[in-house]
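Below you'll find the structure, written out as structure tokens, and then a few comments.
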Amino acid sequence: VVCEKRVPLGEQNGVEIDKDSLLESEELPRDANKLDRIIRGLVAQLWNQDIELGDRLQRMKACNGFMRLGYAGDKQYARERLGVCWRSFKARMAVARKARRFPQIEQAIESSKIGTEAASLVGRIATDKTVEQWLKRAQKRTIKHLQEEVRVAEMVGRQKGTREVAPPDKKTMSVVKKMQRDVVSGK
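Here the sequence shown is numbered in this note's numbering, starting from 501 and rising by one per residue.
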């Protein structure tokens, strides 16, 4: 991860927005399509900043910077210095780690193909051999469905004794959902 690299607003998914004029403008467009382009551009910029922030937080943790600044640890630093919950703090570090482990994940975030939540899920299950399959799946699924598929893949992986699990097909998802319904109903 190149920490100094920032993807300028407007370079994601063909969104062309002049950041300075957007921030100085008092009048936002009323057209839903124009507003959508602005919002998508801003969100893409936030995703990229999350990776950069996570990388810097990891560096701070690695050099014991929190304690050097007088904090008891990363939890206290997150809460008292940054004003963010520790869970959010940890999530940003995890996404940065996964983006560094799999450059494809970072590229997918930078190009707005997936967001940081999807990146976190993909990074949780992907291996070198399956990362591309999981990224394709993440682009097609809602977060809720992607979470379900990751859980099913983890279950299949445990059953088979491997971490190398591709995204589940419809038949596998159907079998698992039926099994879950049976368990809940007491069958």
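No residue lacks a Cβ here, since even glycine has one placed at the ideal position from N, Cα and C.
**Message:** Can you give me the C-alpha to C-alpha distance between V652 and W586, rounded to a whole angstrom?
**Reply:** Reading the sequence shown from its first residue, position 152 is the one you call residue 652. Reading the sequence shown from its first residue, position 86 is the one you call residue 586. Cα to Cα, V652 sits roughly 28 angstroms from W586.
**Asked** Could you give the residue range of the alpha helix (DSSP H) that holds D550?
**Response** Indexing the sequence shown from 1 puts residue 550 at position 50. Note, D550: alpha helix (DSSP H), 532–562.
**Prompt:** How is K671 classed by DSSP in three states: helix, strand or coil?
**Reply:** Here residue 671 is taken as the residue at index 171 of the sequence shown, counted from 1. DSSP places K671 within a helical segment (H, G or I) once states are collapsed to three.
**Continuous alpha helix (DSSP H) stretch holding T630: start and end** = Working through the sequence shown from its first residue, we reach residue 630 at position 130. T630 -> no alpha helix (DSSP H), and no H or E assigned at all.
**Asked** For T642, does the three-state DSSP call read helix, strand or coil?
**Response** Counting from 1 along the sequence shown, the entry for residue 642 is found at position 142. T642 carries a coil assignment under DSSP once its states are collapsed to helix, strand and coil.
**Message:** Going by beta-carbon coordinates alone, are T616 and V584 separated by less than 7 angstroms?
**Reply:** Translated into the one-based positions of the sequence shown, residue 616 becomes position 116. Translated into the one-based positions of the sequence shown, residue 584 becomes position 84. No. Outside cutoff.
**Request:** Classify K598 as helix, strand or coil using the three-state DSSP reduction.
**Result:** One-based indexing of the sequence shown puts residue 598 at position 98. DSSP places K598 in helix when its eight states are reduced to three.
**Request:** Check whether the Cβ atoms of I551 and A599 lie closer than 7 angstroms to each other.
**Result:** Within the sequence shown, residue 551 is the residue found at index 51, counting from 1. Within the sequence shown, residue 599 is the residue found at index 99, counting from 1. Using a Cβ distance threshold of 7 angstroms, I551 and A599 count as a contacting pair.
**Asked** Assuming R681 contacts V650 under a Cβ cut-off of 8 angstroms, what Cβ separation, rounded to an integer in Å, is found between them?
**Response** Your numbering for residue 681 matches position 181 in the sequence shown. Your numbering for residue 650 matches position 150 in the sequence shown. Contact flag wrong, Cβ pair sits at about 20 angstroms.
**Own chain residues within Cβ distance below 6 angstroms of R637, not counting five before or after** = If you number the sequence shown from 1, residue 637 lands on position 137. In the same chain as R637, and ignoring 5 residues on each side of it, the C-beta atoms closer than 6 angstroms to its own belong to P667, in chain order.
**Item:** Rounded separation between V676 and V656 - CA only
**Value:** In the sequence shown, the residue the question calls residue 676 occupies position 176. In the sequence shown, the residue the question calls residue 656 occupies position 156. Between the alpha carbons of V676 and V656 lies a gap of roughly 10 angstroms.
**Message:** With a threshold of 7 angstroms on Cβ separation, who are the neighbours of W634 within its own chain once the five nearest residues in sequence on each side are excluded?
**Reply:** Within the sequence shown, residue 634 is the residue found at index 134, counting from 1. So the list reads V622, I625, A626, P667, once near-sequence residues are dropped.
**Item:** Proximity winner among S612, L553, N533, relative to V543 (alpha-carbon distances)
**Value:** Within the sequence shown, numbered from 1, the residue matching residue 543 stands at position 43. Comparing alpha carbon positions, the residue from S612, L553, N533 closest to V543 is S612.
**Request:** Using the Cα positions of S588 and Q549, report the straight-line distance between them to the nearest angstrom.
**Result:** As a working mapping, residue 588 is identified with position 88 in the sequence shown. As a working mapping, residue 549 is identified with position 49 in the sequence shown. C-alpha of S588 to C-alpha of Q549: approximately 14 angstroms in a straight line.
**Message:** For D669, tell me which candidate among Y571, E648, A618, V684 has the shortest Cα-Cα distance.
**Reply:** Indexing the sequence shown from 1 puts residue 669 at position 169. It is E648.
**Prompt:** CA-CA distance, K575 and S620?
**Reply:** Mapped onto the sequence shown, residue 575 falls at position 75. Mapped onto the sequence shown, residue 620 falls at position 120. For K575 and S620, the distance between alpha carbons rounds to 20 angstroms.
**Message:** Can you look up E649 in the DSSP assignment and give me helix, strand or coil?
**Reply:** Counting from one through the sequence shown, the residue named residue 649 turns up at place 149. E649 carries a helical assignment under DSSP once its states are collapsed to helix, strand and coil.
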